[in-house]
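I have placed the structure first, in the form of structure tokens, so that the comments after it can refer back to it.
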Amino acid sequence: MGGILPVDAEIRERGQLTIPKSIRTSSRLNEGKRVRVIPLGASILIAPYRPEIEEARGEIRRILEDSGLTAEQILKELAAERDGSFEESYARKKRPRLP
72 MGGILPVDAE IRERGQLTIP KSIRTSSRLN EGKRVRVIPL GASILIAPYR PEIEEARGEI
132 RRILEDSGLT AEQILKELAA ERDGSFEESY ARKKRPRLP
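Here it is in structure tokens:
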């Protein structure tokens, strides 16, 4: 598993789960720190809550609404822009001919 050892934990009566100290320490999950709980099929991912990601999502949502474009249209334009930028940066440059 690449150095990741599973740890068993028990869910208490009120739905509380104790994250082992070693994991809290290595993940910098101090008392009072918020986490995001993400259901993934039969599994659950617990990750530190990052408000800047939520702010970015909100800003992207506002930009989408203000633009009048669909997400698909914007993704298509972004792909075209990325491809153009890649070509500019990495396209094989013609070498000048030596006399």
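All the letters of the sequence shown, read from the start, carry residue numbers 72 to 170 under our numbering. C-beta atoms are modelled at their ideal positions from N, C-alpha and C, and glycine is treated no differently.
- A direct Cα-to-Cα measurement between residue 154 and residue 147 gives close to 11 angstroms.
- Taking 8 angstroms as the upper bound for CB-CB distance, residue 82 and residue 88 are in contact here, some 5 angstroms apart.
- DSSP, read as helix, strand or coil, puts residue 140 in coil.
- Taking C-beta atoms under 8 angstroms as the contact rule, residue 118 and residue 131 fail to qualify, at a distance of about 20 angstroms.
- Residue 142 and residue 135 do touch by the CB rule: their CB atoms are close to 6 angstroms apart, below 8 angstroms.
- For residue 114, DSSP records a beta bridge to 111.
- In this structure, the alpha-carbon of residue 123 lies about 18 angstroms from that of residue 103.
- Looking at the backbone, the Cα of residue 78 and that of residue 91 are separated by about 8 angstroms.
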